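> Protein chains in written order, with the UniProt record's numbering: chain U, 1 to 231; chain V, 1 to 231.
Below you'll find the structure I mean.
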DNA sequence: TCCGGAGTTTGTTTCAGAGCAACGTTCGGT
DNA sequence: ACCGAACGTTGCTCTGAAACAAACTCCGGA
């Protein structure tokens with residue numbers, strides 16, 4: 001295993017207040033690993049024995065119903081902690097996370113969690129902040145799911161992807177990792193058929209531009225309108 | 001303000017590991033207040049300046065969409081912490097909480113949060129545990145909302161109420177606080193009409209027994225069946 | 001080069017459940 | 001005792017979106 005470079009972490013919020021030597025410690029305890037697209041990092045219900053930080057790539061966090069239906073609860077972008085079940089006194093992961101594109105993540109054994117929170121200034125604060133954001137975000141999704149029609153939900157989902165992972169290109173904002181119609185249907189609780197129809201219609205209207213597994217939003221403002229008022 | 005009795009808190013998880021003298025301290029900083037049915041304890045978006053513990057009664061935690069639709073995110077039962085936005089570094093409450101029945105709650109200024117977590121053993125642990133449970137619960141609801149048909153959702157909602165607040169009576173398990181059809185519709189993202197129809201049907205089948213604002217589940221096992229497999 | 005599977009599109013059918021409307025019932029206040 | 005408001009029930013209509021069905025396209029591997 002090659003030595004990890006300290007600059008990997010020094011700018012990321014949970015570690016940004018640390019001394020150089022502390023970052024060294026953190027890295028020395030970390031395991032770095034690469035995940036191919038489609039690979040699971042951990043699975044729902046398994047022993048929560050490690051916690052993670054995504055360095056590169058994108059993940060989807062997924063829940064499965066007893067009936068076999070899946071839904072995508074949220075996406076993780078580089079620089080975010082995930083699998084932080086230990087912070088919540090859980091002994092088992094509440095969801096599955098899967099690499100949506102080739103990804104790299106660091107991980108630590110849960111036994112270090114309390115060390116991290118007590119010894120490293122800002123780490124606990126930042127972790128709980130992410131947790132708070134995530135809780136709020138899920139509540140948003142829930143509310144949206146309960147009250148909005150499919151078209152608005154899909155518009156919102158697209159906007160969320162764009163805000164979280166979008167990068168500017170000529171002709172619009174591009175979603176930075178592979179997304180299928182099916183993925184979007186699992187974010188919005190609908191069928192891939194309906195999503196496909198909506199995207200086709202929007203493409204005809206010049207709002208989006210999509211090919212297989214790849215979406216560019218050409219007119220974000222018009223998508224905001226469709227999503228109902230505020231962005 | 002009368003002196004509060006120490007036995008109020010000594011058995012509740014977040015405080016159960018504390019010395020008598022520590023409980024005294026906690027109580028001396030607390031403000032106790034009574035809320036009439038229908039009163040808001042705090043509202044979405046307002047400054048998160050206090051955190052709370054429900055001593056008696058029941059609360060609903062509610063979110064409102066820009067379009068004016070409401071949904072009930074969760075219910076709070078006696079002994080639970082709520083309004084713990086400060087634990088998540090939020091400066092504003094993410095939802096509104098309303099007394100579903102006459103209720104009594106203690107509260108403390110947020111400035112004490114870090115004192116509590118550092119000085120009182122078990123307090124931090126227990127708080128984050130509740131948080132974790134709540135996050136898991138909301139993910140459950142979200143998944144359910146995204147994948148299940150209305151009938152199952154309503155059945156699940158009823159079972160959740162029963163599990164959380166149900167008490168045995170002759171002839172079934174009774175939900176311990178006033179619930180309207182409209183409330184249930186706001187828990188399940190449907191209309192009060194549909195809920196009314198379902199309850200009528202179930203009453204005819206002898207599964208529930210309801211009068212205005214009051215529901216008794218007479219055949220919980222049959223409701224479990226309707227909710228789809230596991231309880 | 002061909003094959004198979006994954007992803008996508010589009011048409012048609014069907015129905016659960018929202019929307020609308022009207023009425024009945026219970027409750028609290030005066 | 002009465003009134004008005006909040007809560008609940010039920011019938012009818014109509015539509016959004018699921019379900020079913022069938023092809024088409026792209027991609028990677030043998």
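Idealized CB from N, CA, C, for every residue including glycine.
Nothing here was measured: the structure is a model prediction, and the numbers come from that model.
Within a Cβ cutoff of 8 Å, which residues of the same chain sit near residue 90(V), ignoring the five residues on either side of it in sequence?
Numbered from 1 along the second chain, position 90 holds the residue referred to as residue 90(V). So the qualifying residues of the chain are 48.
> With a cut-off of 8 Å, does the C-beta of residue 228(V) fall near any C-beta of chain U?
Mapped onto the second chain, residue 228(V) falls at position 228. By this cut-off, residue 228(V) is an interface position.
> CB residue 141(V) to CB residue 142(U), shorter than 8 Å?
Within the second chain, the letter at position 141 stands for residue 141(V). Within the first chain, the letter at position 142 stands for residue 142(U). With a cutoff of 8 Å on beta-carbon distance, residue 141(V) and residue 142(U) are scored as near each other.
> Using the beta-carbon of each residue, which ones in chain V are nearer than 7 Å to residue 128(U)?
Here residue 128(U) refers to the residue found at position 128 when the first chain is read from its first residue. By Cβ distance, chain V contributes 87, 88 and 89.
> Within 10 Å of its beta-carbon, does residue 20(U) have 16 or more other beta-carbons around it, so buried, or fewer, so exposed?
As a position in the first chain, residue 20(U) is number 20, starting the count at 1. So residue 20(U) ends up on the exposed side.
> Along chain V, in chain order, which residues have C-beta atoms closer than 7 Å to that of residue 94(U)?
Residue numbering aside, residue 94(U) sits at position 94 when the first chain is read from its first letter. The contacting residues are 136 and 139.
> Check the C-beta distance from residue 87(V) over to residue 128(U) and give it rounded, since I have them as a contact under 8 Å.
Counted from its first residue, the second chain places residue 87(V) at position 87. Counted from its first residue, the first chain places residue 128(U) at position 128. Rounded, the Cβ-Cβ distance is 6 Å, consistent with contact.
> Alpha carbon to alpha carbon, how far is residue 138(U) from residue 164(U)?
Working through the first chain from its first residue, we reach residue 138(U) at position 138. Working through the first chain from its first residue, we reach residue 164(U) at position 164. Cα to Cα, residue 138(U) sits roughly 15 Å from residue 164(U).
> Tell me whether the beta-carbon of residue 224(U) lies closer than 8 Å to the beta-carbon of residue 161(U).
As a working mapping, residue 224(U) is identified with position 224 in the first chain. As a working mapping, residue 161(U) is identified with position 161 in the first chain. No, the pair does not count as a contact, with Cβ atoms beyond the cut-off.
> Tell me whether residue 73(V) sits in a helix, a strand or coil according to DSSP, three-state version.
What you label residue 73(V) is simply residue 73 of the second chain in a count that begins at 1. Three-state DSSP puts residue 73(V) in a strand.
> Would you report the Cα separation of residue 124(V) and residue 198(U), rounded to the nearest angstrom?
The residue labelled residue 124(V) in the question sits at position 124 within the second chain. The residue labelled residue 198(U) in the question sits at position 198 within the first chain. Rounded to whole angstroms, residue 124(V) to residue 198(U) spans 46 Å at the Cα level.
> Label residue 38(V) either buried or exposed according to how many other C-beta atoms from any shown protein chain fall within 10 Å of its C-beta, with 16 as the threshold for buried.
For the purposes of this step, residue 38(V) is taken as residue 38 along the second chain, with counting starting at 1. Result: exposed.
> Going straight from the alpha carbon of residue 99(V) to that of residue 82(V), what length do you get?
Counting from 1 along the second chain, the entry for residue 99(V) is found at position 99. Counting from 1 along the second chain, the entry for residue 82(V) is found at position 82. Roughly 12 Å separates the two Cα atoms.
> Leaving out five residues before and five after residue 126(V) in sequence, what residues of the same chain have Cβ atoms less than 7 Å from its Cβ?
One-based indexing of the second chain puts residue 126(V) at position 126. For residue 126(V), where only same-chain residues beyond five positions count, the Cβ hits under 7 Å are 13 and 14.
> What does DSSP give as the partner residue(s) for residue 168(U) in the beta ladder?
In the first chain, counting from the first residue as 1, residue 168(U) sits at position 168. Beta-bridge pairing links residue 168(U) to 173(U).
> Residue 111(U) by DSSP, collapsed to three states: which one?
As a working mapping, residue 111(U) is identified with position 111 in the first chain. Three-state result, residue 111(U): helix.
> Measure the alpha-carbon distance for residue 222(U) versus residue 25(U) and round it to whole angstroms.
Position 222 of the first chain, counted from the start, is the residue given in the question as residue 222(U). Position 25 of the first chain, counted from the start, is the residue given in the question as residue 25(U). When rounded, the distance between both Cα atoms is 48 Å.
> When you compare the CB positions of residue 46(U) and residue 92(U), do they come within less than 8 Å of one another, or not?
Here residue 46(U) refers to the residue found at position 46 when the first chain is read from its first residue. Here residue 92(U) refers to the residue found at position 92 when the first chain is read from its first residue. Yes; because the gap between Cβ atoms is below 8 Å, this pair is in contact.
> Distance check for residue 70(V) and residue 186(V), CA to CA, integer angstroms please.
Within the second chain, numbered from 1, the residue matching residue 186(V) stands at position 186. Within the second chain, numbered from 1, the residue matching residue 70(V) stands at position 70. Whole-angstrom Cα-Cα distance: 6 Å.
> Output the residue ranges of the alpha helix (DSSP H) runs that lie fully inside the region 79-149 of chain U and measure 4 residues or longer, sorted by chain position.
113-119 and 123-147
> Straight-line CA distance for residue 63(V) to residue 44(V)?
By one-based count along the second chain, residue 63(V) stands at place 63. By one-based count along the second chain, residue 44(V) stands at place 44. Each residue's CA atom was taken as its position, placing residue 63(V) and residue 44(V) some 7 Å apart.
> Tell me, which residues are paired with residue 51(V) by DSSP?
Here residue 51(V) refers to the residue found at position 51 of the second chain. Beta-bridge pairing links residue 51(V) to 108(V).
> What residues in its chain sit with their C-beta under 7 Å from that of residue 23(U), if we drop five residues either side in the sequence?
Counted from its first residue, the first chain places residue 23(U) at position 23. Cβ within range, chain order: 6, 9, 10 and 15.
> Please name the residue, chosen from 118(V), 61(V) and 207(V), that lies closest to residue 72(V) on a Cα-to-Cα basis.
For this step, residue 72(V) is matched to residue 72 along the second chain. Residue 72(V) has its Cα closest to that of 61(V), out of 118(V), 61(V) and 207(V).
> The beta strand (DSSP E) with residue 32(V) in it runs from where to where?
By one-based count along the second chain, residue 32(V) stands at place 32. Where residue 32(V) is concerned, the enclosing beta strand (DSSP E) stretches over 31-35.
> Anything in chain U within Cβ reach of residue 143(V), meaning under 7 Å, just list it in chain order.
Along the second chain, one-based indexing puts residue 143(V) at 143. Listed along chain U, the residues sitting closer than 7 Å to residue 143(V) by beta-carbon distance are 63, 65 and 71.
> Answer yes or no: do residue 117(U) and residue 157(U) have a C-beta to C-beta separation smaller than 8 Å?
Against the first chain, residue 117(U) aligns to sequence position 117. Against the first chain, residue 157(U) aligns to sequence position 157. No, Cβ-Cβ distance for residue 117(U) and residue 157(U) is not below 8 Å.
> Mapping the DSSP letters down to three states, classify residue 4(V) as helix, strand or coil.
The sequence position of residue 4(V) within the second chain is 4, counting from 1. Residue 4(V) falls in the coil class under three-state DSSP.
> Relative to the C-alpha of residue 170(U), which residue among 96(U), 204(U) and 218(U) is closest?
Mapped onto the first chain, residue 170(U) falls at position 170. Ranking the options by Cα distance to residue 170(U), first place goes to 218(U).
> Let me confirm a value: residue 67(V) is counted as buried when at least 16 other C-beta atoms fall within 10 Å, else exposed. Which label applies?
Along the second chain, read from residue 1 onward, the residue named residue 67(V) stands at position 67. Its Cβ having fewer than 16 others within 10 Å, residue 67(V) is exposed.
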